[in-house]
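J.: One structure follows; several queries about it will come next.
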Amino acid sequence: MVAMGEEEKEACIHCGTEWYRIHYRDGVCHQCQQLGRPGRTELAARRRTFRRTLAFGALVIGSLILRMALR
Numbered sequence: 905m906v907a908m909g910e911e912e913k914e915a916c917i918h919c920g921t922e923w924y925r926i927h928y929r930d931g932v933c934h935q936c937q938q939l940g941r942p943g944r945t946e947l948a949a950r951r952r953t954f955r956r957t958l959a960f961g962a963l964v965i966g967s968l969i970l971r972m973a974l975r
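Numbering (our numbering), first residue to last: 905 to 975.
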């Protein structure tokens, strides 16, 4: 077990304040968790969804351009 003085602090991904792990979950401090700000895993999931949406949009636009060019 690591003593509190030896444990490293981590900065919150939203507000940047440093916290020990006891007040810190998934990259977000307790205060930002109370404000409903998403953690690392939720942000990563949102990023993946956004990338998929962009890829699908590019595919649709590309197919429309190709369809217009073949007319």
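Just so you know, even glycine gets a beta-carbon here, dropped at the ideal spot from N, CA and C.
Between E914 and the rest of its own chain, which residues show a CB-CB distance below 6 Å, the 5 nearest in sequence each way excluded?
T.: Excluding residues within five positions, the ones whose Cβ falls inside 6 Å are Y928.
J.: Write down every uninterrupted run of the alpha helix (DSSP H) in the region 915-970 whose length is 4 residues or greater and which is fully enclosed by it, in chain order.
T.: Counting only runs of 4 or more, we get 934-938.
J.: With distances taken from CA atoms, which of R944, E912, L970 is nearest V918?
T.: Contrary to the premise, residue 918 reads as His rather than Val in this sequence. Ranking R944, E912, L970 by Cα distance to H918 puts R944 first.
J.: To the nearest whole angstrom, what separates the beta carbons of R955 and P942, a pair I think is in contact under 8 Å?
T.: Not confirmed; about 16 Å, so no contact.
J.: Going by beta carbon distance, what residues of the same chain come within less than 7 Å of C936, once the five residues before and after it are set aside?
T.: Correct list, in chain order: C916, H918, C919.
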